[in-house]
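Input: a single structure, listed below in structure tokens.
2 protein chains.
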Amino acid sequence: MHTQNLINIIADQLPELNKSESKVAQVILADPDRATSSSIAALAKAAGVSEPSVNRFCKRFNAAGFPDFKLKLAKALVSGVRFVNRNVDPEDDVSSYTPKIFDSTINNLAMVRDRISHSIVNQVVDKLIQAKRIYFFGLGASGSVARDAENKFFRFNLPVSFHDDVLMQRMLASTGGTGDVFFFISHTGRTKEVVEVAEIAKANGSTVIGLTAPDSPLASISSVTLEVEVPENTDEYMPMTSRIVHLVILDVLATGVTLRRGPDFLPHLEKIKNSLKSTRYIKDS
Amino acid sequence: MHTQNLINIIADQLPELNKSESKVAQVILADPDRATSSSIAALAKAAGVSEPSVNRFCKRFNAAGFPDFKLKLAKALVSGVRFVNRNVDPEDDVSSYTPKIFDSTINNLAMVRDRISHSIVNQVVDKLIQAKRIYFFGLGASGSVARDAENKFFRFNLPVSFHDDVLMQRMLASTGGTGDVFFFISHTGRTKEVVEVAEIAKANGSTVIGLTAPDSPLASISSVTLEVEVPENTDEYMPMTSRIVHLVILDVLATGVTLRRGPDFLPHLEKIKNSLKSTRYIKDS
DNA sequence: CATCTTTATGAAATTTTCTTACAAATTTGC
DNA sequence: GCAAATTTGTAAGAAAATTTCATAAAGATG
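Structure representation (structure tokens):
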């Protein structure tokens, strides 16, 4: 499991801190970048606590002392993951909402990165490699993800297709059988049409893979489920980030397949890349 | 343009440093990680120079002093490790390549987050709000992005469509005119078909927006360009992350449009959300 | 090659920053 | 309501960093 980001660790621990430690935490979380460049005295003053309290705070988070803590904080900031709960609000202008949306996406990715089951990724790669045919199915926003997956997996010389048409999906599911892989992408895992099609595929002996929410009907039907838990979209203004997480997971799967294929396969990928060259204007410089 | 890594800067400057500064540089380059956690005294001793020499060295590299220098060095190390040493290599297993792919995506997002021009985002939001019609065009992987954009902007009650068919694109571009917005998505900005269609759109008086690489043919044609610079995909195994960056930028634009529409518009979004409810299995719990 | 000028360097003092020890205050358990 | 445990701050002192200034080295000039 990936080491959690210091900032998130602090945020997580927040409720368990005592009064002065929590004051320190709040000041740091409010502007971590500033914290890295202030002295212990300045930070103590900003938090309204004594210097030793700040020092104790640092030690609580496994730092040798304040300077060491600052160093760790600085590193945590670079890794790009910032503090979570920054919702877009109606008063925001471009320079507020733009980073907020990036940050929220980044945070969700970091969360899934730390939680995704590697053994399940491996199982799915197995299934994909052994597949006689692969179908990527999704509706609405997940349709775009499915389409992207087709574009990606097509390069592996696998018989792959994507469908965002429910009737098409239904027909294909009912004509499939052993060796066929039906890969369902769904944010909620509760869309009736999707679940029904998955049931049909399953009934015909095909392998059903779900890239979806845990504890959903789709998850329970799937032969293997890649569980993605992205916080519900409570804020009206926040975009749905699950699509993006799904895309990255498909990137991971594609990489898994490439690696499993071994180095002999690279020339094939190169060939596909080159086939596009003639469609482009040459880069000067 | 990517800011040069501090370590590389030091290495580059090496020949121009004087005797004691160069000693300091060598010690730091030999073990930069150690340098971040040693005191000025320790480093001075290791380099066989005086403490002020180390201090002067730090100031030479635009640091406020030694502690500030250590901070910058620490940051450089983190980003260095991620960019240089985090490529997927053929020996990787699931638990290595999975976080690597997430990290590389996260890094690219963080980079664009810090570099994207807010004023251009604003300009694009303006154009989208005023548009009589919006067309999202993309080919290949960018086609999926365009499709996702349609799905997203459709909710704004704007006449929007997406096309990944070159002939369709061509026809629409030539029938468009003032008030129409053609939004082109392209990783390279050099695909001939895309550039040609953009030229046609432009010639007919439509607004052309490019979500693409800077200094590309597409960028130079566009009325407004959202420049996205994602490091070239040199590693055979690394997936292309520009798609994901593009999606997030479209999320930003959509948020901008929602905010500009004001709170009166929220019921409309709510209505669309609700329209999907009946298609889902209810969540128990 | 002597002398002046510039530049580089370090010793020591000063200042800033951090840590520790301990006592006061607060909370908790009984 | 009192003792123990925990939390917090004061103040001292230790450590680290910076500045000042003197000296040494290198370079320029006649």
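Protein sequences, first through last, are from chains A and B.
Just so we're on the same page, our numbering is the position in the first sequence counted from 1, plus 283.
Just so we're on the same page, our numbering is the position in the second sequence counted from 1, plus 283.
C-beta: ideal position from N, C-alpha, C; glycine also.
Keep in mind the model is a prediction, meaning the values are calculated, not measured.
- Query: Are the beta-carbon atoms of residue 377 of chain B and residue 336 of chain B separated by less than 8 Å?
  - Reply: Position 94 of the second sequence holds residue 377 of chain B. Position 53 of the second sequence holds residue 336 of chain B. For residue 377 of chain B and residue 336 of chain B, no; Cβs fall outside 8 Å.
- Sequence-distant residues of the same chain with beta carbon closer than 8 Å to residue 427 of chain B, five excluded per side: Start at 1 with the first residue of the second sequence, and residue 427 of chain B comes out as number 144. Excluding sequence neighbours, residue 427 of chain B sits near 421 and 526.
- Message: Assuming the contact rule is C-beta atoms closer than 8 Å, residue 361 of chain A and residue 358 of chain B should be a hit. Round their C-beta distance to whole Å, please.
- Response: What you label residue 361 of chain A is simply residue 78 of the first sequence in a count that begins at 1. What you label residue 358 of chain B is simply residue 75 of the second sequence in a count that begins at 1. Their Cβ separation, rounded to whole angstroms, is 5 Å, which keeps residue 361 of chain A and residue 358 of chain B in contact under 8 Å.
- Message: Do residue 485 of chain B and residue 468 of chain B have their beta-carbon atoms positioned less than 8 Å apart in this structure?
- Response: Here residue 468 of chain B is taken as the residue at index 185 of the second sequence, counted from 1. Here residue 485 of chain B is taken as the residue at index 202 of the second sequence, counted from 1. Not a contact, by the Cβ cut-off of 8 Å.
- Where does the unbroken alpha helix (DSSP H) through residue 392 of chain A begin, and where does it stop? Residue numbering aside, residue 392 of chain A sits at position 109 when the first sequence is read from its first letter. First-last of the alpha helix (DSSP H) with residue 392 of chain A: 377-398.
- Message: Assuming residue 570 of chain A is part of the beta strand (DSSP E), what are its boundary residues?
- Response: This structure cannot speak to residue 570 of chain A, because chain A is shown only from 284 to 568.
- Message: Using the Cβ count rule (16 or more neighbours within 10 Å means buried), how would you classify residue 534 of chain A?
- Response: Taking the first residue of the first sequence as position 1, residue 534 of chain A is located at position 251. Burial call: buried.
- Item | Buried versus exposed call for residue 558 of chain A [16 or more other C-beta atoms within 10 Å across all chains shown] | As a first step, residue 558 of chain A must be located in the first sequence, where it is residue number 275. The residue in question, residue 558 of chain A, is exposed, as its Cβ has fewer than 16 Cβ neighbours within 10 Å.
- Message: Tell me the rounded alpha-carbon separation between residue 319 of chain B and residue 384 of chain B.
- Response: As a working note, residue 319 of chain B is residue 36 in the second sequence. As a working note, residue 384 of chain B is residue 101 in the second sequence. Approximately 28 Å between the Cα atoms of the pair.
- How would you write the range of the beta strand (DSSP E) that residue 468 of chain A sits in, first residue to last? Counting from one through the first sequence, the residue named residue 468 of chain A turns up at place 185. Where residue 468 of chain A is concerned, the enclosing beta strand (DSSP E) stretches over 463-468.
- Item | Near-chain B residues of the segment 394-414 of chain A (beta-carbon distance less than 9 Å), N- to C-terminal order | From the segment 394-414 of chain A, only 395, 396, 397, 399, 401, 402, 404, 405 and 408 have a Cβ closer than 9 Å to chain B.
- Query: Is residue 364 of chain B helix, strand or coil by DSSP?
  - Reply: Along the second sequence, read from residue 1 onward, the residue named residue 364 of chain B stands at position 81. Its pLDDT being 38, under 50, residue 364 of chain B is placed unreliably in this model, and the coordinates cannot settle the point.
- Message: If distances are taken between C-alpha atoms only, which option among B:450, B:429 and B:544 comes closest to residue 495 of chain B?
- Response: Here residue 495 of chain B is taken as the residue at index 212 of the second sequence, counted from 1. Considering only B:450, B:429 and B:544, the residue with the shortest C-alpha distance to residue 495 of chain B is B:429.
- Task: Just the C-alpha distance for residue 456 of chain B and residue 435 of chain A, rounded to the nearest angstrom, thanks.
- Result: Position 173 of the second sequence holds residue 456 of chain B. Position 152 of the first sequence holds residue 435 of chain A. Cα to Cα, residue 456 of chain B sits roughly 28 Å from residue 435 of chain A.
- Query: Using a Cβ-Cβ cut-off of 8 Å (strictly less than) and excluding sequence neighbours within five positions of residue 364 of chain B, which residues of its own chain qualify?
  - Reply: The residue given as residue 364 of chain B occupies position 81 in the second sequence. The pLDDT assigned to residue 364 of chain B is 38, lower than 50, so where the model puts this residue is not dependable; a value taken from the coordinates is nonetheless given after this. For residue 364 of chain B, where only same-chain residues beyond five positions count, there are no Cβ hits under 8 Å.
- Message: Give me the chain A residues within the contact set of residue 476 of chain B, using Cβ-Cβ distance strictly less than 9 Å, ordered along the chain.
- Response: In the second sequence, the residue the question calls residue 476 of chain B occupies position 193. The answer, in chain order, is 562.
- residue 340 of chain B versus residue 324 of chain A - alpha carbon distance: One-based indexing of the second sequence puts residue 340 of chain B at position 57. One-based indexing of the first sequence puts residue 324 of chain A at position 41. Cα to Cα, the separation comes out at about 26 Å.
- Query: In chain B, what lies closer than 9 Å to residue 495 of chain A by C-beta?
  - Reply: Mapped onto the first sequence, residue 495 of chain A falls at position 212. Correct list: empty, because the minimum Cβ distance to chain B is about 12 Å.
- Message: Whole angstroms are fine: how far does the CA of residue 381 of chain B sit from the CA of residue 401 of chain A?
- Response: One-based indexing of the first sequence puts residue 401 of chain A at position 118. One-based indexing of the second sequence puts residue 381 of chain B at position 98. Roughly 8 Å separates the two Cα atoms.
- How big is the Cα-Cα spacing for residue 425 of chain B and residue 475 of chain B? Taking the first residue of the second sequence as 1, we reach residue 425 of chain B at position 142. Taking the first residue of the second sequence as 1, we reach residue 475 of chain B at position 192. Per the coordinates, the alpha-carbon of residue 425 of chain B lies some 14 Å from the alpha-carbon of residue 475 of chain B.
- Item | alpha helix (DSSP H) segment containing residue 412 of chain A, residue limits | The sequence position of residue 412 of chain A within the first sequence is 129, counting from 1. Start and end: 401-413.
- Query: How would you call residue 452 of chain A, buried or exposed, if buried means at least 16 neighbouring beta carbons within 10 angstroms?
  - Reply: Residue numbering aside, residue 452 of chain A sits at position 169 when the first sequence is read from its first letter. So residue 452 of chain A ends up on the buried side.
- Spatial neighbours of residue 449 of chain A within its chain, please: CB distance less than 8 Å, with the 5 preceding and 5 following residues excluded, ordered by chain position. Within the first sequence, the letter at position 166 stands for residue 449 of chain A. Result list for residue 449 of chain A: 422, 476 and 480, in chain order.
- Query: Any C-beta of chain A sitting closer than 8 Å to the C-beta of residue 378 of chain B?
  - Reply: Here residue 378 of chain B is taken as the residue at index 95 of the second sequence, counted from 1. Taking Cβ atoms only, chain A reaches closer than 8 Å to residue 378 of chain B, which makes this a yes.
- Could you check where the alpha helix (DSSP H) with residue 417 of chain A kicks off and where it finishes? Residue numbering aside, residue 417 of chain A sits at position 134 when the first sequence is read from its first letter. Run containing residue 417 of chain A: none in the alpha helix (DSSP H); it sits in the beta strand (DSSP E), 416-421.
- Query: Are the Cβ atoms of residue 444 of chain B and residue 463 of chain B separated by less than 8 Å?
  - Reply: In the second sequence, residue 444 of chain B corresponds to position 161, counting from 1. In the second sequence, residue 463 of chain B corresponds to position 180, counting from 1. Result no, Cβ atoms of residue 444 of chain B and residue 463 of chain B do not sit closer than 8 Å.
- Query: By the criterion of Cβ-Cβ separation under 8 Å, what are the contact partners of residue 358 of chain A in chain B?
  - Reply: Here residue 358 of chain A is taken as the residue at index 75 of the first sequence, counted from 1. 357, 358, 360 and 361, listed in chain order.
- So, is the C-beta of residue 313 of chain A closer than 8 Å to a C-beta in chain B? Counting from one through the first sequence, the residue named residue 313 of chain A turns up at place 30. With respect to chain B, the C-beta atom of residue 313 of chain A has no partner C-beta closer than 8 Å.
- At a Cβ threshold of 8 Å, is residue 352 of chain A touching chain B? Start at 1 with the first residue of the first sequence, and residue 352 of chain A comes out as number 69. Between residue 352 of chain A and chain B, the shortest Cβ-Cβ separation is not below 8 Å.
- Item | Beta carbon of residue 395 of chain B nearer than 8 Å to that of residue 528 of chain B | Position 112 of the second sequence holds residue 395 of chain B. Position 245 of the second sequence holds residue 528 of chain B. Here residue 395 of chain B is near residue 528 of chain B, since their CB atoms are less than 8 Å apart.
- Show which residues of chain A have a CB atom less than 8 Å away from the CB atom of residue 427 of chain B. Here residue 427 of chain B corresponds to residue number 144 of the second sequence, with the count starting at 1. The answer, in chain order, is 427, 428, 430, 431 and 434.
- Item | For residue 430 of chain B, the residue or residues it bridges with in DSSP | Numbered from 1 along the second sequence, position 147 holds the residue referred to as residue 430 of chain B. Answer by DSSP bridge pairing: none, since residue 430 of chain B is not bridged.
- Query: Under 8 Å between C-beta atoms, does residue 484 of chain A make it to chain B?
  - Reply: Indexing the first sequence from 1 puts residue 484 of chain A at position 201. No, its Cβ sits nowhere closer than 8 Å to a Cβ of chain B.
- Query: If we call anything under 8 Å between Cβ atoms a contact, is residue 446 of chain A one with residue 523 of chain A?
  - Reply: Here residue 446 of chain A refers to the residue found at position 163 of the first sequence. Here residue 523 of chain A refers to the residue found at position 240 of the first sequence. It is not a contact, given that the beta carbons lie outside the stated cut-off.
- Query: Is there a Cβ from chain A that is less than 8 Å from the Cβ of residue 348 of chain B?
  - Reply: What you label residue 348 of chain B is simply residue 65 of the second sequence in a count that begins at 1. So, not an interface residue.
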